[in-house]
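Asker: Structure provided below as structure tokens; questions to follow.
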Amino acid sequence: MAYRGGGHPQLLKALAQAWPFTVLPLGFLMQRPPDHAPKRAADFEAVFEALDVLLFQEVRPRRCKLRVLDLRNTGAKFWDMWLGVSTENCSPTGPVTVHSSSPNMEHPLAPLEVFLDLIFDERDQDKIFMNIIQWAQQREGSLHLCCKALRISGVPFQRVRRVLDGVRLDCIQEVYVNCTWDLPTLGTALYYLGQMSNLQTLYLPCIDVLAEEEEDEEWEEEGEEEEQQEEEQELREEEELEREEQEEEEQEWEEGEELEWEEQEWEEGGQEQEEQRSFSQFFSQMLRLGHLRELYMRSPSFLPGRLDQMLRCLQTPLDQLCLIYCQRLTHSDLTHLFQCPNLRQLKVLHFIGLSLADFSEPLRALLEAVAPTLQALGLDNCGMGDSHVEAILPVLSRCHQLTDFSICMNNFPVATVEKLLRHTTGLHSLEVEVYPIPLECYRTQGTVNQERLALIQAELTGILRELGQPRTIHLTTKHFRQRKFYKVAFSWSP
């Protein structure tokens with residue numbers, strides 16, 4: 002076990018040379034913290050030296066079975082590999098397939114498969130990837146480097162770009178971006194995205210279209226608090242001061258006002274043209290993703306009024322769709338969303354922070370279409386009330402494949418929660434259920450009355466007992482950042 006802690010490159014080299022199984026999982030080397038970079042570099046150099054001995058042989062030794070170097074995070078399953086238990090499902094991105102042959106046969110050296118996930122979540126991660134890529138490029142024909150996952154968290158795209166230039170983009174099946182991009186960055190990224198012809202999962206980042214929009218969002222979130230802090234007298238004084246300044250300066254800038262206005266119009270027009278070019282480029286690249294099955298969008302400020310164009314770009318039916326905090330989507334956007342033919346086979350549907358108050362019937366129609374396939378449904382913080390729940394209850398009771406259901410952070414009385422429990426009691430595959438704490442449990446200050454909550458929990462436990470099957474649900478508070486969960490369960494006594 003000493004080699005797992007680093008600092009033993011020669012031991013690691015000997016291990017790689019004598020490895021008796023088809024897959025050598027060394028993903029733990031990628032998990033070292035940044036301050037261990039020298040040790041990590043020494044470890045990789047030792048592994049590369051060991052593999053070079055095998056790669057430059059014309060035939061494999063009879064005892065050598067190594068076909069795959071797996072540098073992905075395999076977690077605890079590393080030890081399954083060591084014990085030879087199984088090589089199947091050795092990483093989150095899928096199983097590694099190898100072809101066996103007689104152990105007594107010498108055979109030509111087939112290309113070594115090297116699996117690597119491109120996870121940019123720390124400083125200088127691109128240097129590690131570049132070392133691996135350069136090593137692979139120098140041995141082209143003897144090995145094949147395959148990167149199936151690309152995940153970016155707060156790293157400048159320029160560093161990511163250097164790495165993407167050195168790998169086969171058609172190997173990438175998953176792209177996850179957890180940061181904010183401006184339009185120029187999106188345009189650069191789209192050049193690479195369009196070449197990922199086998200992409201199956203796409204998590205779109207937040208896109209910063211206009212600085213004014215971000216300022217508006219911040220104002221909307223903090224506006225009430227700021228208004229309370231401002232005094233009327235200060236406002237009157239500011240207005241009076243502004244009027245005086247305008248009278249004094251009016252003659253000075255009057256002649257230049259027209260020129261400034263023309264310049265502003267030109268700048269705004271140029272910005273609109275840049276945005277339109279970026280949108281057109283985005284949609285054209287989406288058309289090239291013929292294998293996309295999972296789509297996640299978080300705060301897509303660039304999509305309002307254009308969602309229908311994006312939906313038309315889908316080449317295949319989606320398995321998963323997740324929209325997070327998409328308050329800016331228009332009525333037309335949501336209408337097209339619920340009518341999209343490529344959403345009729347969904348297995349996972351999550352709406353979080355999306356106002357559905359005016360879309361009870363379209364939502365019901367979509368659930369009706371996906372009822373035979375739907376396995377997970379999330380309708381959290383969607384502004385739903387009792388009438389909206391009433392509209393979807395009949396179709397919800399027919400989603401017999403459903404295993405996960407969450408409808409928290411909505412304002413429901415206990416009667417609505419009870420209706421949901423009764424209409425989902427026939428869904429025997431249901432394993433995870435999350436409901437909002439009923440309104441009756443909150444004080445006027447918005448805090449939870451624990452005594453009242455205990456009574457509601459007992460009441461809901463009685464309903465579960467009445468329904469007659471073991472079941473566990475969770476109630477959660479309505480504030481996302483400080484959410485607390487409370488369990489309600491019924492089981493048969495032993």
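First residue of the sequence shown? That's 2 in this note's numbering, and the numbers climb one at a time after it. Each residue gets a CB set at the ideal place from its N, CA and C atoms; glycine is no exception. Since the model is a prediction, treat every value here as computed from it, not as a measurement.
Leaving out five residues on either side along the sequence, give the residues of the same chain with a beta carbon under 6 Å from the beta carbon of Arg160.
Answerer: Answer for Arg160: Asp127, listed in chain order.
Asker: In or out: Lys485 buried (at least 16 other Cβ within 10 Å) or exposed?
Answerer: Exposed, since its Cβ has fewer than 16 Cβ neighbours within 10 Å.
Asker: Enumerate in chain order the residues of its own chain whose CB-to-CB distance from Leu211 is below 7 Å, with the five nearest sequence positions on each side excluded.
Answerer: Low confidence applies to Leu211: its pLDDT is 44, below 50, so where it sits in the model is not reliable, and the reading given next is rough at best. Excluding positions up to five away in sequence, the list is empty.
Asker: Opposite Tyr193 in the DSSP bridges: which residues?
Answerer: DSSP lists no partner for Tyr193.
Asker: With a threshold of 8 Å, are at least 3 pairs of Cβ atoms found where one atom belongs to the segment 314–324 and the other to the segment 334–352?
Answerer: The segment 314–324, when compared against the segment 334–352, does touch it at the 8 Å Cβ threshold.
Asker: Counting only runs that start and end within the segment 396–449, where is the beta strand (DSSP E) found for 3 or more residues in a row?
Answerer: List check, beta strand (DSSP E) in window: 405–407, 433–437.
Asker: Figure out for me which residue from Pro206, Arg345, Arg169, Phe406 has the closest Cα to the Cα of Leu304.
Answerer: Considering only alpha carbons, the answer is Pro206.
Asker: What three-state label does DSSP hand Cys207 in the structure shown?
Answerer: Cys207: strand per DSSP, three-state reduction.
Asker: Three-state secondary structure (DSSP) at Pro109?
Answerer: Because Pro109 sits at a pLDDT of 48, beneath the cut-off of 50, its placement in the model cannot be relied upon, and the point is left open.
Asker: Extract the residue ranges of the alpha helix (DSSP H) inside the segment 142–197, only unbroken runs of 4 or more that lie entirely within it.
Answerer: Listed in chain order, they are 158–165, 184–194.
Asker: Inspect the CB distances between the segment 142–149 and the segment 177–185 and report whether three or more fall short of 8 Å.
Answerer: As far as the Cβ criterion goes, the segment 142–149 does not touch the segment 177–185, which means the pair count is below three.
Asker: When you compare the CB positions of Leu461 and Val489, do they come within less than 8 Å of one another, or not?
Answerer: It is a contact, given that the beta carbons lie within the stated cut-off.
Asker: Flag this pair as yes or no: are the beta carbons of Ala17 and Ala42 separated by less than 8 Å?
Answerer: No.
Asker: What's the C-alpha gap between Leu308 and Ser356?
Answerer: Distance between the alpha carbons of Leu308 and Ser356 is about 16 Å.
Asker: Within this structure, are the beta carbons of Glu275 and Leu184 separated by less than 8 Å?
Answerer: For Glu275 and Leu184, yes; Cβs fall inside 8 Å.
Asker: Buried or exposed: where does Val48 fall if 16 or more other Cβ atoms within 10 Å of its Cβ makes it buried?
Answerer: With 16 or more Cβ atoms within 10 Å of its Cβ, Val48 is classed as buried.
Asker: Assign Glu175 to one of two classes, buried (16 or more other C-beta atoms within 10 Å of its C-beta) or exposed (fewer than that).
Answerer: Buried: at least 16 other Cβ atoms inside 10 Å.
Asker: Below 8 Å, how does it come out for the segment 429–445 and the segment 403–419: are there three or more Cβ pairs, yes or no?
Answerer: They touch, by the three-pair rule.
Asker: Taking the alpha helix (DSSP H) that Leu55 belongs to, which residues open and close that run?
Answerer: 38–56 is the span of the alpha helix (DSSP H), which, as asked, contains Leu55.
Asker: In this structure, what does DSSP give as the bridge partners for Leu476?
Answerer: In the DSSP output, where bridge partners are listed per residue, Leu476 has Tyr436, Tyr487.
Asker: Rounded to whole angstroms, how far is the Cβ of Lys66 from the Cβ of Phe22, which I believe are closer than 8 Å?
Answerer: Correct: roughly 6 Å between the Cβ atoms.
Asker: Quick one: is Pro112 buried, meaning 16 or more other Cβ sit within 10 Å of its Cβ, or exposed?
Answerer: That one is exposed.
Asker: Once the 5 residues before and after Ser1 are set aside, which same chain residues still bring their CB inside 8 Å of it?
Answerer: The requested residue 1 is not part of the displayed model; the chain covers only 2 to 495.
Asker: The alpha helix (DSSP H) spanning Phe130 covers which residue range?
Answerer: Counting along the chain, the alpha helix (DSSP H) containing Phe130 begins and ends at 126–138.
Asker: Answer yes or no: do Ile134 and Gly167 have a C-beta to C-beta separation smaller than 8 Å?
Answerer: Yes.
Asker: Compute the beta-carbon to beta-carbon distance between Leu375 and Leu403, rounded to the nearest angstrom, for a pair I have assumed lies under 8 Å.
Answerer: Going by Cβ atoms, the distance from Leu375 to Leu403 rounds to 6 Å, so yes, they are a contact pair.
Asker: Take Cys409 as the anchor and find which of Asn382, Pro157, Glu467, Val390 has the nearest alpha-carbon.
Answerer: Of Asn382, Pro157, Glu467, Val390, the residue nearest in Cα terms is Asn382.
Asker: The beta strand (DSSP E) that contains Arg299, what's its start and end?
Answerer: 295–299 is the span of the beta strand (DSSP E), which, as asked, contains Arg299.
Asker: In whole angstroms, give me the CA-to-CA distance for Phe57 and Gln201.
Answerer: Cα to Cα, the separation comes out at about 35 Å.
Asker: With DSSP run on the structure shown, which of helix, strand or coil describes Phe29?
Answerer: Three-state DSSP puts Phe29 in a helix.
Asker: With burial defined as no fewer than 16 other Cβ atoms inside 10 Å of the residue's Cβ, what is the status of Arg278: buried or exposed?
Answerer: Arg278 should be labelled exposed.
Asker: Reducing DSSP to helix, strand and coil, say where Trp254 ends up.
Answerer: For Trp254, the pLDDT reaches just 48, beneath the cut-off of 50, and the residue's location in the model is therefore unreliable, although a value from the coordinates is still provided. Here Trp254 sits in helix by DSSP.
Asker: For Gln11, tell me which candidate among Arg68, Lys40, Ser198, Thr189 has the shortest Cα-Cα distance.
Answerer: The shortest C-alpha separation from Gln11 is found at Lys40.
Asker: Assuming the contact rule is C-beta atoms closer than 8 Å, Tyr326 and Arg299 should be a hit. Round their C-beta distance to whole Å, please.
Answerer: Tyr326 to Arg299, Cβ: 6 Å. Contact.
Asker: Based on the DSSP output, what are the partners of Glu323 in its beta bridges?
Answerer: For clarity, residue 323 is Cys in the given sequence; the question names Glu instead. Partner(s): Tyr297, His351.
Asker: Near Ser407, what residues of its chain come up, given a Cβ to Cβ distance below 6 Å and the 5 sequence neighbours on each side ignored?
Answerer: Hits under 6 Å: Gly379, Asp381, Val435.
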